[in-house]
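Student:
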Amino acid sequence: MPKALVNGIELFYNIHGTGEPLLLIAGFDSDSLSWSVLMPFLVKHYQVIRFDNRGVGQSSAPNSPYSIQQMAADTIALLEYLKISQVYVVGHSMGGQIAQELTLAQPEIVQSLILLSSWAKGDSKFQAIMELFGDLPSKLDPLLYQTTLLPWLFSDRFYATPGAIEQIVNQIRKYPFLPESYALYHQSRAILNSDTFERLASIEVPTLVMVGEQDIVTPIKFSEHLAQGIPNAELVILEQVGHACFIESPEIVAQEMLKFLTNH
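Residue numbers (the UniProt record's numbering): 1 to 264.
1. Kindly indicate the opening and closing residues of the beta strand (DSSP E) around I191.
2. With distance defined between alpha-carbon atoms, name the residue in D215, L238 and A73 nearest to G8.
3. Comparing C-alpha positions only, which one of N170, K125 and I129 sits nearest to T147?
4. So F158 is in the alpha helix (DSSP H); what residue range does that whole segment cover?
5. Would you tell me roughly how many angstroms separate the C-alpha atoms of Q100 and L150, rounded to the nearest one?
6. Helix or strand or just coil, what does DSSP make of T75?
7. Report yes if the CB atom of I114 is closer than 8 angstroms to the CB atom of S85, and no otherwise.
8. What residue range does the beta strand (DSSP E) around A4 cover?
9. Using the rule of at least 16 other Cβ atoms within 10 Å of the residue's Cβ for burial, across every protein chain shown, is A53 buried or exposed?
10. Note down, in chain order, each residue of its chain lying with its Cβ closer than 6 angstroms to the Cβ of T196, except the 5 sequence neighbours on either side.
11. Three or more C-beta pairs closer than 8 angstroms, one from the region 161–177 and one from the region 198–205: is that the case here?
12. Excluding the 5 residues preceding and the 5 following S34 in the sequence, name in chain order all residues of the same chain whose CB lies nearer than 6 angstroms to its CB.
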């Protein structure tokens, strides 16, 4: 399996499809595999690069503090390793924060930006949720922790879909690379210490902001703040969809992404 040595750690990555490069940046407690249901819609049109952030999947998981800017630097180093000079960037949740920092640090390499279920600055409730998500892993069995998160991630409609949650639980049960509790703690604290709100006006690349109507982790108002703060950003609200929007509604999310990317 391909790994790149960047910033003193190994990052696992994979590349599928042909065409212009499209980078997918996963969120908290998620790795490259999380994009699997979206991939068939993208690889027909783009060379899609997925990777595991530090702390998850098959990438290194140092037991030391992480930051969003550090993970953005990891991502930039991975692109340099792959000799990719320009790329479309997609980030989900924490990955959206990483994507913002990447764009602020190196705007010349970002052709356009797509932020799914993300934020610029969390409120007090968001802070409490992320503290909980970071503290619980050390107190729960890994499988129990992962399944405990599911009601936060998916909508009423998805839960009512026969077999949908059971399929995800089975995938988690079989997955051999569940993250260590300390790594999730470090990721959560990186999130808690991150804030791009005052710098949003400096993001000048074409940007699409997308959020699920039933997202209870990063609610609609967070995406509205992003769309208002980033010049000429577009906002799409997905009806009856939760935080894990691209897993719940991959076809609709892909449709919106491809429409935006075609024009930008």
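Even glycine gets a Cβ: it sits at the ideal position worked out from N, Cα and C.
All values derive from a computational prediction rather than experimental measurement.
Tutor: Short version:
1. Here the question's residue 191 lines up with position 191 in the sequence shown. Segment S181 to L192 is the alpha helix (DSSP H) holding I191; no beta strand (DSSP E) there.
2. Counted from its first residue, the sequence shown places residue 8 at position 8. It is A73 whose Cα lies nearest to the Cα of G8.
3. In the sequence shown, the residue the question calls residue 147 occupies position 147. Selected option, being the one with the closest Cα: N170.
4. The residue given as residue 158 occupies position 158 in the sequence shown. Looking at the DSSP string, the run of the alpha helix (DSSP H) that includes F158 is D156 to A160.
5. In the sequence shown, residue 100 corresponds to position 100, counting from 1. In the sequence shown, residue 150 corresponds to position 150, counting from 1. Their Cα atoms are separated by approximately 26 angstroms.
6. Position 75 of the sequence shown holds residue 75. In this structure, T75 counts as helix in the three-state DSSP scheme.
7. As a first step, residue 114 is located in the sequence shown; it is residue number 114 there, counting from the start. As a first step, residue 85 is located in the sequence shown; it is residue number 85 there, counting from the start. For I114 and S85, no; Cβs fall outside 8 angstroms.
8. The residue you call residue 4 lines up with position 4 of the sequence shown. Here the beta strand (DSSP E) through A4 covers K3 to V6.
9. Here residue 53 is taken as the residue at index 53 of the sequence shown, counted from 1. The question names Ala, yet the displayed sequence has Asn at residue 53. Counting Cβ neighbours within 10 Å, N53 comes out buried, since at least 16 surround it.
10. The count along the sequence shown starts at 1 and reaches residue 196 at position 196. These residues qualify, in order along the chain: Q100 and A120.
11. no
12. Walking along the sequence shown from the start, residue 34 turns up at place 34. Counting only Cβ-Cβ distances below 6 angstroms, and skipping sequence neighbours, we find A26.
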